[in-house]
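Below is one structure, written out as structure tokens; the observations come after it.
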Amino acid sequence: MEKMEIQRLFQQHYAKMLRVARTFLYDEQESQDVVSDIFAHLLRGQTVLQAGTEEGYLLTSVRNQCLKRLRHEELRRRMEDVAVEPDSTEPCDERLTDIDEFVATHLSPQEQRIFRLRFADGYRYDEIAASEGISRVAVWKHLSHVLNLIRNHFKQ
Numbered sequence: 242m243e244k245m246e247i248q249r250l251f252q253q254h255y256a257k258m259l260r261v262a263r264t265f266l267y268d269e270q271e272s273q274d275v276v277s278d279i280f281a282h283l284l285r286g287q288t289v290l291q292a293g294t295e296e297g298y299l300l301t302s303v304r305n306q307c308l309k310r311l312r313h314e315e316l317r318r319r320m321e322d323v324a325v326e327p328d329s330t331e332p333c334d335e336r337l338t339d340i341d342e343f344v345a346t347h348l349s350p351q352e353q354r355i356f357r358l359r360f361a362d363g364y365r366y367d368e369i370a371a372s373e374g375i376s377r378v379a380v381w382k383h384l385s386h387v388l389n390l391i392r393n394h395f396k397q
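The end of the sequence shown is residue 397 by this note's numbering, with every number in the run present.
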């Protein structure tokens with residue numbers, strides 16, 4: 242997609258996309274970030290839009306990105322709740338140390354790198370896939386496997 246075409250789409254749809262993002266996120270800066278990320282993705286040239294589908298694609302992308310951010314935020318909150326349970330006598334730092342120790346002793350080097358990129362450094366699946374030279378699906382499979390191992394280990 243050409244830069245001029247993306248600029249036209251930006252001018253034509255930015256305000257509407259921002260309104261949609263605000264209805265999901267209730268945060269101006271987060272909403273602007275979501276919309277900017279979508280246009281940045283278009284600028285990378287990985288998406289080809291057919292005439293007449295641009296608005297639908299852009300608004301659906303905004304919705305999906307907002308839902309993704311909300312799920313991520315909910316997961317982060319749940320992880321914080323698990324790490325700091327009110328009736329727990331074990332401090333959060335000790336739990337994190339236990340998780341780090343488990344990761345270092347029970348995971349392969351690649352799984353360790355993927356786990357740290359995702360949860361310590363906050364990388365997205367596509368960024369991890371690019372840095373590891375694997376597909377996004379492989380990243381998802383590795384993380385799913387690692388999280389299941391961690392859950393099962395700490396349930397006991």
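Glycine included, C-beta positions come from ideal geometry on N, C-alpha and C.
Compute the Euclidean distance between the alpha carbons of residue i and residue j, then round it to the nearest angstrom.
i: Ser302; j: Ile279; result: 7 angstroms
i: Tyr298; j: Cys307; result: 14 angstroms
i: Glu243; j: Glu321; result: 43 angstroms
i: Gly293; j: Arg336; result: 52 angstroms
i: Glu373; j: Asp268; result: 33 angstroms
i: Asp339; j: Val387; result: 15 angstroms
i: Ser349; j: Phe343; result: 11 angstroms
i: Ala361; j: Gln252; result: 36 angstroms
i: Arg318; j: Ser277; result: 25 angstroms
i: Arg357; j: Ala345; result: 11 angstroms
i: His254; j: His282; result: 15 angstroms
i: Val261; j: Asn393; result: 39 angstroms
i: Gln353; j: Gly363; result: 14 angstroms
i: Arg304; j: Arg359; result: 23 angstroms
i: Met245; j: Leu290; result: 14 angstroms
i: Leu259; j: Phe395; result: 41 angstroms
What span of residues does the alpha helix (DSSP H) with residue i cover, start to end?
i: Phe251; result: 244 to 266
i: Phe280; result: 269 to 284
i: Tyr366; result: 366 to 373
i: Phe395; result: 377 to 396
i: Gln353; result: 350 to 356
Where does residue i land, buried or exposed, given buried means 16+ other C-beta within 10 angstroms?
i: His347; result: exposed
i: Leu250; result: buried
i: Leu311; result: exposed
i: Leu316; result: exposed
i: Val207; result: The question about residue 207 has no answer, for the chain in this structure spans 242 to 397.
Which residues in the same chain have their Cβ closer than 7 angstroms to the Cβ of residue i, if we skip the five residues on either side of it in sequence?
i: Ser376; result: Ala370
i: Ile355; result: Ile369, Glu373, Val380, His383, Leu384
i: Ile391; result: Ile340, Phe343
i: Glu296; result: His254
Going along the chain, which residues of its own chain have a beta-carbon closer than 6 angstroms to the beta-carbon of residue i, five neighbours each way excluded?
i: Tyr366; result: Arg377, Val380
i: Phe265; result: Cys307
Which residues in the same chain as residue i place their Cβ atom closer than 8 angstroms to its Cβ, once the five residues preceding and following it in sequence are excluded?
i: Arg263; result: Glu269, Ser272
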